[in-house]
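Trainee: In the order they appear, the protein sequences are chains A and B.
Per this note's numbering, residue 995 is the first one in the first sequence, and the count goes up by one each step.
Per this note's numbering, residue 995 is the first one in the second sequence, and the count goes up by one each step.
Protein chains: 2
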Amino acid sequence: MQKQSDNGTSPVRVALDAMGGDHGPVETVKGAVLAAKSANVEMILVGDQGPVEAELAKYDTNGLAIRLVPSVDKIRDDEHPLQAMRSKPNASVVVATRLVKSGDADVIVSMGSTGGSMASAVLTLGLMQGLERPCLGGPFLGLAPNTVLVDIGSNLDSRPGLLLNFASLGVTWARTYMGIDNPRVALLSVGAESTKGNRQVQESHRVFEGSHLNFVGNVEGMDFFTEKAEVIICDGFVGNILIKFTEGLGAAFAAFAKKRLATSLDDTTIDEFAAELVQLTNRTRTNGGPLFGVNGPVILGHGSSGADEILAAVNTSIRYVHLGMVDIMRQDLARMNQTPNETSGTGAGR
Amino acid sequence: MQKQSDNGTSPVRVALDAMGGDHGPVETVKGAVLAAKSANVEMILVGDQGPVEAELAKYDTNGLAIRLVPSVDKIRDDEHPLQAMRSKPNASVVVATRLVKSGDADVIVSMGSTGGSMASAVLTLGLMQGLERPCLGGPFLGLAPNTVLVDIGSNLDSRPGLLLNFASLGVTWARTYMGIDNPRVALLSVGAESTKGNRQVQESHRVFEGSHLNFVGNVEGMDFFTEKAEVIICDGFVGNILIKFTEGLGAAFAAFAKKRLATSLDDTTIDEFAAELVQLTNRTRTNGGPLFGVNGPVILGHGSSGADEILAAVNTSIRYVHLGMVDIMRQDLARMNQTPNETSGTGAGR
């Protein structure tokens, strides 16, 4: 299903959820046009026919590899994902995911409801063996570009065995996508000692120690900046709070800097600096982040994305496909869970 | 035990753990001298006699209300607090806490081991009725000066009933110390809906709803900056990760700003700006933060504090004593737990 050997020679077919996000289809179509112009890609816009065609008409798409696959309606942030999938079986994200399943697209990119995209991915593409949930992760901080955080939002009260599987996915990503040799894995906690942490972390510590991951123990909140580990694992509850907090803090910093430096710097310099501060706190969302653990490439982006961020997410998706990330993750996961000495497979933990 | 009526007329007697922190007794003594010069205070330096006297000799303390109470050794960060209290019964923080217990001091201020200070406070002063643990809290972000976060580090896997009691303490602080009328209380979670959150938050949501607090539901990570609630409650695991993360992020931001603006601003302006960025992420630690729930005023500060931060913590302690915070907190807590309609006292929760 995945392209792996044709490194960049044939175009990657990207199914873009054209209705997704706060600004679809206006910004999604614009982003698709940018992508079609700049990358070796075939953009498949999945969305309500009328609105998408109206947006497309704004551009000269002559010679560009862009086509439309019609869908009906979209899954909204405030909808229950599974109910929405049932009541809107041809919503944009569902149709786009089906294109990956049927082999008519290589990857899906969506800025829409995270819950909707995840539900669609799990039900349409299925989970990798040994997983009961997918997870989200990636280098979420521009200020810590080599530090991957998993899980950032989908799974609450995760068992240690599930966290271990998430760690495997994060390690594969760090090694293959980011080029980090033998990435160090750590659990996010309140102290470095193995006895420090809540029950979940203490139990996970034992499970991780028994695994073949390059586990270096616990790290603390400041250790995103101390390069003690490349893959930091936490429960989705903590991860979700952290990314949203960071995003809020970045915006607050930017606002402070703008006000504070108003008399010292010219407007352009201030605006650029403030924009950088925001970007530095928000990397996964800026570049799109993969949904780990499903049997197909899925890249999710921030709902507020504009055309530039959509282009960045498409570029992430192209690289993800070229590297054959899904197959490698599946192999690494199976290997970890099949190792005879493994004390802590999927079934382990509390 | 607490001064309440003599608002500022007689000096507050502050027992300062002179050996505490990374820079005791050098910075603690310096801070005590600053405090004695600037505030209506009697500084009681508790520490190893020789080293403290040597530091004191560096200053002209003529006419200043500073005296020394000798102690032996200190509790270090890497020691187990309870074991250290047993093996060092006259460690500085223990002797200083005893001065509060015996009525010879009005408040203790320590920059030493948080665990050591807490153990000493709990065992020497005792816990308020209904509590099984103390907690830490305060406005931890300079960028969100009216938002109090409780608990920031002492209690992991807290029961909902304990979190409710912590919320009561935080509310009293926000109302009395910060002057916020009827503070709004929220639970930190991954979504605003009552169904969003891990098990602990979902159970706590029901307990908080049944209380007489001004409970406004769940808030998310970005809501430290959106003014939806003045008192945000989380498990100490999350709170500890958040404050350490924030501190690391503030330092990283400052380093980035210094580098990024090196050619646009003069050195002084950059340095001031960078220092402000650090301060904005670190308010409780800069000004000292109260230990809530013990039967006496205890103000803790950051281990890295210099004389200025120690002075700020002393000033916090003076105000804490003048307001009679401990008595008010005790009364509010008792009232909440004795209300007949209360569905969720200390014994409640999982």
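Cβ atoms here follow ideal geometry from the backbone N, Cα and C, with glycine treated the same way.
What does the Cβ neighbour count give for I1237/B, buried or exposed, with the cut at 16 atoms within 10 Å?
Mentor: Buried, since its Cβ has 16 or more Cβ neighbours within 10 Å.
Trainee: For D1151/A, go through chain B and note every residue whose CB falls closer than 7 Å to its CB, in chain order.
Mentor: Near D1151/A (Cβ distances below 7 Å), the residues of chain B are N1192, R1193.
Trainee: Answer with buried or exposed for D1253/A, where buried requires no fewer than 16 other C-beta atoms within 10 angstroms of its C-beta.
Mentor: Position check: residue 1253/A holds Lys in this sequence, whereas Asp was assumed. Under this definition K1253/A is an exposed residue.
Trainee: Exposed or buried, R1092/A, counting other C-beta atoms within 10 Å across all chains shown (16 or more means buried)?
Mentor: R1092/A comes out buried.
Trainee: Within its chain, find whatever has a CB closer than 6 Å to the CB of L1039/A; leave out the 5 residues flanking it on each side and keep chain order.
Mentor: Same-chain partners within the cutoff: L1010, A1012, A1026, V1046, L1062.
Trainee: For the beta strand (DSSP E) that contains F1160/A, what are its first and last residues?
Mentor: No beta strand (DSSP E) contains F1160/A, which is instead part of the alpha helix (DSSP H) from 1154–1166.
Trainee: Between Q1194/B and R1153/B, what straight-line distance do the alpha-carbon atoms span, to the nearest angstrom?
Mentor: Their backbone Cα atoms lie some 7 Å apart in a straight line.
Trainee: Just to confirm, is the Cβ distance from N1159/B to N1208/B under 8 Å?
Mentor: No, the pair does not count as a contact, with Cβ atoms beyond the cut-off.
Trainee: Under 8 Å, CB to CB, which of the residues in the segment 1258–1272 of chain A have a partner in chain B?
Mentor: So the list reads S1258, L1259, T1263, F1267, E1270, L1271, given in the order they occur along the chain.
Trainee: I'd like to confirm the pairing. Which residues does DSSP put opposite C1129/A in its beta bridges?
Mentor: Beta-bridge pairing links C1129/A to F1286/A.
Trainee: Can you give me the Cβ contacts of A1099/B inside the same chain, cut-off strictly under 8 Å, excluding the 5 residues immediately before and after it?
Mentor: R1007, V1008, A1009, I1038, A1090, L1093, listed in sequence order.
Trainee: Measure the C-alpha to C-alpha separation of C1129/B and D1145/B and round it to an integer number of angstroms.
Mentor: Going by the C-alpha atoms only, they are around 6 Å apart.
Trainee: Below 7 Å on C-beta distance, what does L1119/B contact in chain A?
Mentor: Those within 7 Å of L1119/B in chain A number zero; the least Cβ separation is about 24 Å.
Trainee: Looking only at its own chain, which residues have a Cβ that is under 6 Å from the Cβ of A1186/A, when we skip the five neighbours before and after it?
Mentor: Result list for A1186/A: N1212, in chain order.
Trainee: Return the chain-ordered ranges of every alpha helix (DSSP H) run that is complete within the segment 1044–1111 of chain A and spans a minimum of 4 residues.
Mentor: If we require 4 residues or more, the alpha helix (DSSP H) runs fully inside the segment 1044–1111 of chain A come out as 1075–1081, 1086–1095.
Trainee: Among residues of its own chain, excluding the 5 on either side of A1168/A, which ones have a beta-carbon nearer than 6 Å to its beta-carbon?
Mentor: If we look at A1168/A and ignore the five residues flanking it on each side, its Cβ neighbours are V1142, I1174, P1177, E1224, V1225.
Trainee: Could you tell me which of V1116/A, S1104/A, G1191/A, T1108/A sits nearest to K1095/A, measuring between CA atoms?
Mentor: The option with the nearest alpha carbon to K1095/A is V1116/A.
Trainee: Does chain B have any CB closer than 8 Å to the CB of I1227/A?
Mentor: Judged by the 8 Å Cβ criterion, I1227/A is not in contact with chain B.
Trainee: Output yes if chain B places a C-beta closer than 8 Å to the C-beta of L1182/A; else output no.
Mentor: So yes, L1182/A belongs to the interface.
Trainee: Distance, Cα to Cα, A1113/A vs M1079/A?
Mentor: Between A1113/A and M1079/A, the C-alpha separation is close to 8 Å.
Trainee: What residues in its chain sit with their C-beta under 7 Å from that of V1232/B, if we drop five residues either side in the sequence?
Mentor: These residues qualify, in order along the chain: L1182.
Trainee: Beta carbon of S1065/A, beta carbon of S1086/A: below 8 Å?
Mentor: It is a contact, given that the beta carbons lie within the stated cut-off.
Trainee: Using a beta-carbon distance below 8 Å, is L1163/B in contact with chain A?
Mentor: False, the Cβ-Cβ gap to chain A never drops below 8 Å.
Trainee: Which class does I1322/B belong to by DSSP, given the choice of helix, strand or coil?
Mentor: The answer is helix: DSSP assigns I1322/B an H, G or I state.
Trainee: Verify whether the separation of the beta carbon atoms of S1311/A and V1023/A is less than 8 Å.
Mentor: No.
Trainee: Just curious, the beta strand (DSSP E) that V1027/A is in, first and last residue?
Mentor: Element bounds for V1027/A: not the beta strand (DSSP E) but the alpha helix (DSSP H), 1020–1032.
Trainee: Is there a Cβ from chain A that is less than 8 Å from the Cβ of N1234/B?
Mentor: It does; some Cβ of chain A falls within 8 Å.
Trainee: In chain order, what residues of the same chain have a beta carbon less than 7 Å from the beta carbon of A1138/A, not counting five sequence neighbours either side?
Mentor: Here the set comprises F1218, F1219.
Trainee: Should G1132/B be counted as a contact of the ligand ADP given a C-beta to heavy atom distance under 7 Å?
Mentor: This structure lacks the ligand ADP; in fact it carries no ligand of any kind.
Trainee: Out of I1304/B, E1266/B, Y1171/B, point me to the one whose CA is closest to N1140/B's CA.
Mentor: Among I1304/B, E1266/B, Y1171/B, the Cα nearest to that of N1140/B is on Y1171/B.
Trainee: Rounded to whole angstroms, how far is the Cβ of L1259/A from the Cβ of L1259/B, which I believe are closer than 8 Å?
Mentor: Yes, L1259/A and L1259/B are in contact; Cβ-Cβ is about 7 Å, under 8 Å.
Trainee: Of all the CB atoms in chain B, is at least one closer than 8 Å to the CB of I1237/A?
Mentor: So, interface residue.
Trainee: Could you pull the DSSP bridge partners for G1041/A from this structure?
Mentor: Per DSSP, P1064/A.
Trainee: Within 8 Å (strictly less), CB to CB, does E1073/B reach chain A?
Mentor: No, its Cβ sits nowhere closer than 8 Å to a Cβ of chain A.
Trainee: Using the beta-carbon of each residue, which ones in chain B are nearer than 7 Å to G1211/A?
Mentor: Result: empty, since nearest Cβ-Cβ is about 15 Å, beyond 7 Å.
Trainee: Quick check for students: name the residue ranges of the alpha helix (DSSP H) that lie wholly in the segment 1237–1307 of chain B, counting only runs of 4 or more.
Mentor: As far as the segment 1237–1307 of chain B is concerned, its whole alpha helix (DSSP H) runs of at least 4 residues are 1261–1274, 1277–1281.
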